[in-house]
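According to our numbering, the sequence shown is numbered sequentially starting from 8.
Here's the structure, in structure tokens; my notes come after.
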Amino acid sequence: MANKNSQKVDALFVYGALMVIFLAATITSFLYINKLGQYDDEYLDAAFNIGIISQSVIPLSKEGALGNTNVAKTLADKGRHLAAFAEKFSNGNPATSLPPLQKSLSGLSSNIMKKANAISKSLYVIQKKHGTDQQAALRASDVVSQQAKSIVEDLNKVNKVISKGETHPYFLVGLIDHSMTTALGLATLLFLILMGDHIIRTTRQEEKAIQKAFTDNQDAIMNLLDDISSLADGDLSKEVRVSEDITGAIADSINYTVEELRSLVETIQGSATKVTETTLRTEVLTQSLAAANDDNERRISDINVTVSSVALDVQQMSEQAEEAAGLANSSATVAHEGSKVVKESIDSMNNVREQIQETSKRIKRLGESSQEIGDILEIISDIADQTNLLALNAAMQAAMAGEAGRGFAVVADEVQRLAERSSQATHQIEGLIKTIQSDTSEAINSMESSTSEVVLGADKIEAAGVSLTQIEETSVKLAANISALSDQAKTQSKRTREISESMGVVHGATTKSASETRETATLIGQLSGLSTLLKESVTGFTLPGDVNTESTNS
């Protein structure tokens with residue numbers, strides 16, 4: 008491959024060098040042809056100028072050129088142009104210049120310049136002497152005519168020389184040089200074409216060889232991919248075909264990897280099965296142990312609750328006994344004090360009875376006073392009604408009086424409104440008085456009832472005083488018995504608290520053991536799940552033994 012690449016590089020280098028040479032020769036030929044084209048254009052321009060000069064000189068010779076200086080100037084200008092053209096040829100490129108043509112043109116142009124200057128002088132003489140010396144002017148005109156004819160002849164020679172320039176030997180030499188250059192370029196081009204064709208054929212052959220090798224490699228790779236496609240699906244029962252191409256080493260490596268994967272999958276499957284079986288047995292035992300611990304925990308918890316409840320009850324009983332003893336002592340004291348209070352209550356009840364009776368008398372007097380106020384209000388109401396009637400009559404009289412009674416009518420209206428307000432206030436006060444009378448009557452009845460209740464209460468208080476005396480005697484005896492019971496309850500409460508504390512310790516240990524057992528069962532369940540997942544993760548792989556088993560089953 009390296010030699011072929013080197014040959015291709017050398018061929019391309021030679022091909023590039025030849026192309027550069029060919030381009031240089033072609034560019035030089037184009038420059039020469041362009042130069043000759045420029046000279047051809049100048050030949051045509053010179054011939055055109057010669058024709059113009061010839062056409063200008065002929066009328067000049069016929070008319071005598073009287074007063075015409077433009078023709079002389081034109082001849083002089085064209086002569087200088089021809090001289091410059093000849094000088095350009097004399098300094099041109101040797102490969103494209105035409106020496107005989109240059110020499111002829113140079114001589115003719117010098118001759119034309121001289122004759123043109125002479126014509127210019129003769130024309131000047133003709134113009135100057137035209138009005139004074141007619142004969143001298145005519146002679147000068149003849150001289151101009153002769154010189155013009157001579158110029159025409161010279162120009163015709165120039166025209167002939169230019170027209171013969173295409174067949175001049177030197178010009179033919181230039182054409183031959185140009186043809187040789189063109190032939191050399193064509194030969195070079197032909198050589199390059201042949202060289203390029205050889206390179207192309209060689210390159211195509213190499214490309215075909217490379218394409219064939221690429222196709223073979225591609226086929227080998229596709230075959231390898233077909234073989235390992237089953238591996239991608241987890242089928243480890245097949246091996247990759249080993250060939251002599253570039254995929255042989257890869258196939259060996261893949262087969263080795265498949266063997267290792269088979270061993271790994273078998274190991275994982277066996278380990279996962281053993282772990283699953285072990286975790287299932289352990290999980291069953293752990294669950295049984297957890298259930299037993301939970302049962303023990305519940306029983307100990309119930310015992311602890313019972314003992315705690317008994318301890319609490321004993322403690323409460325002790326406290327209640329102690330409190331009952333205190334209450335018994337307090338009851339005796341309270342009963343004694345109650346007797347005193349009962350006596351004082353009897354005295355107070357008697358005082359209350361007397362005050363209620365006095366209050367009842369005052370309320371009766373208040374009812375009588377409210378009755379008198381009601382009578383007075385009836386009188387005020389009658390006065391308000393009469394005032395209202397009087398105001399109404401006054402208003403009627405004022406209306407009858409017309410404009411004079413308008414002021415009196417206003418006063419009558421105000422009096423009427425005042426009477427109405429007085430009547431309304433009287434009715435309101437009358438309502439209040441009736442309410443007071445009703446409340447007073449009810450208060451009197453209540454006072455009389457309260458007096459009866461006070462008398463009855465005084466009798467009951469006396470009976471309560473007798474009972475309190477008996478309670479005082481009983482409370483003293485009860486306090487002594489309760490005090491002894493309180494001492495026994497305190498001793499029992501202390502022992503019960505000790506038992507409750509011991510049961511609390513046992514319950515804590517049992518609870519911790521049950522919690523740890525449940526946690527262990529949970530972890531074993533998770534381990535069982537992980538082993539199942541591990542086993543499922545390798546179920547996608549197919550081993551040779553699995554294929555044989557499937558074939559036997561089918």
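We put the beta carbon where it would ideally sit given N, CA and C, even for glycine.
### Task
Note down the Cα distance separating valine 565 from leucine 485, rounded to an integer number of angstroms.
Any property of residue 565 remains undetermined from this structure, which presents the chain solely from 8 to 561.
### Task
Leaving out five residues on either side along the sequence, give the residues of the same chain with a beta carbon under 7 Å from the beta carbon of serine 308.
The residue you call residue 308 lines up with position 301 of the sequence shown. Cβ neighbours of serine 308 beyond the five flanking positions: His514.
### Query
Just the Cα atoms here: how many angstroms apart are serine 453 and leucine 463?
In the sequence shown, counting from the first residue as 1, residue 453 sits at position 446. In the sequence shown, counting from the first residue as 1, residue 463 sits at position 456. Roughly 15 Å between the two C-alpha positions.
### Query
Under the rule that 16 or more other beta-carbon atoms within 10 Å means buried, what is serine 445, buried or exposed?
For the purposes of this step, residue 445 is identified with residue 438 of the sequence shown, where counting begins at 1. Per the 10 Å Cβ criterion, exposed.
### Task
Check the C-beta distance from isoleucine 380 over to isoleucine 451 and give it rounded, since I have them as a contact under 8 Å.
Taking the sequence shown and counting its residues from 1, the one referred to as residue 380 is at position 373. Taking the sequence shown and counting its residues from 1, the one referred to as residue 451 is at position 444. About 18 Å separates the two Cβ atoms, so there is no contact after all.
### Message
Using 8 Å as the cut-off, can you tell me whether the region 316-329 makes contact with the region 527-543, which would need three or more C-beta pairs spanning the two stretches below that distance?
### Response
no
### Message
Please state whether the Cβ-Cβ distance between alanine 496 and threonine 293 is less than 7 Å.
### Response
Along the sequence shown, read from residue 1 onward, the residue named residue 496 stands at position 489. Along the sequence shown, read from residue 1 onward, the residue named residue 293 stands at position 286. Taking 7 Å as the Cβ cut-off, alanine 496 and threonine 293 do not qualify as a contacting pair.
### Query
So, does the CB of isoleucine 370 fall closer than 7 Å to a CB anywhere in chain D?
No chain D is part of this structure, which consists of one protein chain only.
### Message
Pop quiz: threonine 433 and alanine 391 are said to be a contact at Cβ under 8 Å. What is the actual Cβ separation, rounded to whole angstroms?
### Response
Numbered from its first residue, the sequence shown carries residue 433 at position 426. Numbered from its first residue, the sequence shown carries residue 391 at position 384. The pair is a contact, with the Cβ atoms about 6 Å apart (cut-off 8 Å).
### Query
On the premise that threonine 498 lies in contact with valine 317, defined as a C-beta separation below 8 Å, what is that separation, rounded to the nearest angstrom?
Within the sequence shown, numbered from 1, the residue matching residue 317 stands at position 310. Within the sequence shown, numbered from 1, the residue matching residue 498 stands at position 491. Wrong, their Cβ atoms sit about 14 Å apart, outside the cutoff.
### Message
So, with DSSP's three-state summary, where would you put valine 249?
### Response
For this step, residue 249 is matched to residue 242 along the sequence shown. Residue state, collapsed to three classes: coil.
### Query
Do you know how far the Cα of alanine 227 is from the Cα of isoleucine 217?
Start at 1 with the first residue of the sequence shown, and residue 217 comes out as number 210. Start at 1 with the first residue of the sequence shown, and residue 227 comes out as number 220. Cα to Cα, the separation comes out at about 15 Å.
### Query
Just how far apart, CA to CA, sit isoleucine 436 and leucine 384?
Start at 1 with the first residue of the sequence shown, and residue 436 comes out as number 429. Start at 1 with the first residue of the sequence shown, and residue 384 comes out as number 377. Isoleucine 436 and leucine 384: Cα-Cα distance of roughly 8 Å.
### Query
Taking the Cβ atom as the reference point for each residue, do serine 482 and alanine 297 lie within a distance shorter than 7 Å?
Mapped onto the sequence shown, residue 482 falls at position 475. Mapped onto the sequence shown, residue 297 falls at position 290. Result no, Cβ atoms of serine 482 and alanine 297 do not sit closer than 7 Å.
### Task
Assuming alanine 426 contacts alanine 398 (C-beta within less than 8 Å), just tell me the rounded distance between them.
Residue mapping note: residue 426 aligns to position 419 of the sequence shown, counting from 1. Residue mapping note: residue 398 aligns to position 391 of the sequence shown, counting from 1. About 6 Å; that satisfies the 8 Å criterion.
### Message
Would the region 505-525 count as touching the region 298-307 if we require 3 or more Cβ pairs under 8 Å?
### Response
yes
### Task
Measuring alpha carbon to alpha carbon, tell me which of Glu330, Asp233, Val473 and Thr283 ends up nearest glutamate 543.
Start at 1 with the first residue of the sequence shown, and residue 543 comes out as number 536. Considering only alpha carbons, the answer is Thr283.
#### Entry: Beta carbon of isoleucine 363 nearer than 7 Å to that of threonine 447
As a first step, residue 363 is located in the sequence shown; it is residue number 356 there, counting from the start. As a first step, residue 447 is located in the sequence shown; it is residue number 440 there, counting from the start. For isoleucine 363 and threonine 447, no; Cβs fall outside 7 Å.
### Message
Under 6 Å: does the beta carbon of glutamate 284 sit that close to some heavy atom of the ligand GDP?
### Response
Of ligands this structure carries none, so the ligand GDP is not represented either.
### Task
Pull up the distance between the alpha-carbon of lysine 406 and that of isoleucine 386, whole angstroms please.
Here residue 406 refers to the residue found at position 399 when the sequence shown is read from its first residue. Here residue 386 refers to the residue found at position 379 when the sequence shown is read from its first residue. Checking the sequence, you will find alanine at residue 406 rather than lysine. Each residue's alpha carbon lies about 30 Å from the other.
#### Entry: Beta-carbon proximity of serine 493 to alanine 332, cut-off 7 Å
For the purposes of this step, residue 493 is identified with residue 486 of the sequence shown, where counting begins at 1. For the purposes of this step, residue 332 is identified with residue 325 of the sequence shown, where counting begins at 1. Taking 7 Å as the Cβ cut-off, serine 493 and alanine 332 qualify as a contacting pair.
### Task
Measure the beta-carbon distance from alanine 342 to isoleucine 478 and round it to whole angstroms, keeping in mind my assumption that it falls under 8 Å.
For the purposes of this step, residue 342 is taken as the residue at position 335 of the sequence shown. For the purposes of this step, residue 478 is taken as the residue at position 471 of the sequence shown. With a Cβ gap of about 4 Å, alanine 342 and isoleucine 478 count as contacting.
### Task
Thinking valine 265 and glutamate 246 are a contact (beta carbons under 8 Å), I'd like their distance in whole angstroms, please.
Numbered from 1 along the sequence shown, position 258 holds the residue referred to as residue 265. Numbered from 1 along the sequence shown, position 239 holds the residue referred to as residue 246. The pair is a contact, with the Cβ atoms about 6 Å apart (cut-off 8 Å).
### Query
Among residues of its own chain, excluding the 5 on either side of threonine 394, which ones have a beta-carbon nearer than 6 Å to its beta-carbon?
Here residue 394 corresponds to residue number 387 of the sequence shown, with the count starting at 1. Cβ neighbours of threonine 394 beyond the five flanking positions: Ala426.
### Query
Does the separation of the CB atoms of serine 507 and serine 315 fall below 7 Å?
Stepping through the sequence shown from its first residue, residue 507 is reached at position 500. Stepping through the sequence shown from its first residue, residue 315 is reached at position 308. Taking 7 Å as the Cβ cut-off, serine 507 and serine 315 qualify as a contacting pair.
### Query
Would a C-beta distance cut-off of 7 Å place threonine 442 and serine 346 closer than the cut-off?
One-based indexing of the sequence shown puts residue 442 at position 435. One-based indexing of the sequence shown puts residue 346 at position 339. The answer is no: Cβ separation not under 7 Å.
### Query
Straight-line CA distance for glutamate 421 to serine 376?
Taking the sequence shown and counting its residues from 1, one reaches residue 421 at position 414. Taking the sequence shown and counting its residues from 1, one reaches residue 376 at position 369. Going from the Cα of glutamate 421 to the Cα of serine 376 covers about 33 Å.
### Query
From Thr285, Val349 and Asn400, pick the residue whose C-alpha is nearest to that of serine 474; which is it?
Within the sequence shown, numbered from 1, the residue matching residue 474 stands at position 467. It is Val349 whose Cα lies nearest to the Cα of serine 474.
### Query
Exposed or buried, alanine 328, counting other C-beta atoms within 10 Å across all chains shown (16 or more means buried)?
Numbered from its first residue, the sequence shown carries residue 328 at position 321. Alanine 328 should be labelled buried.
### Query
What separation, rounded to the nearest whole angstrom, lies between the Cα atoms of glutamate 213 and alanine 220?
Locating residue 213 in the sequence shown gives position 206, counting from the first residue. Locating residue 220 in the sequence shown gives position 213, counting from the first residue. Taking the straight line from one Cα to the other gives about 11 Å.
### Task
Report the option in Ile310, Met229 and Ile275 whose CA atom is closest to the CA atom of serine 509.
By one-based count along the sequence shown, residue 509 stands at place 502. Looking at the Cα atoms, Ile310 is the closest of the given residues.
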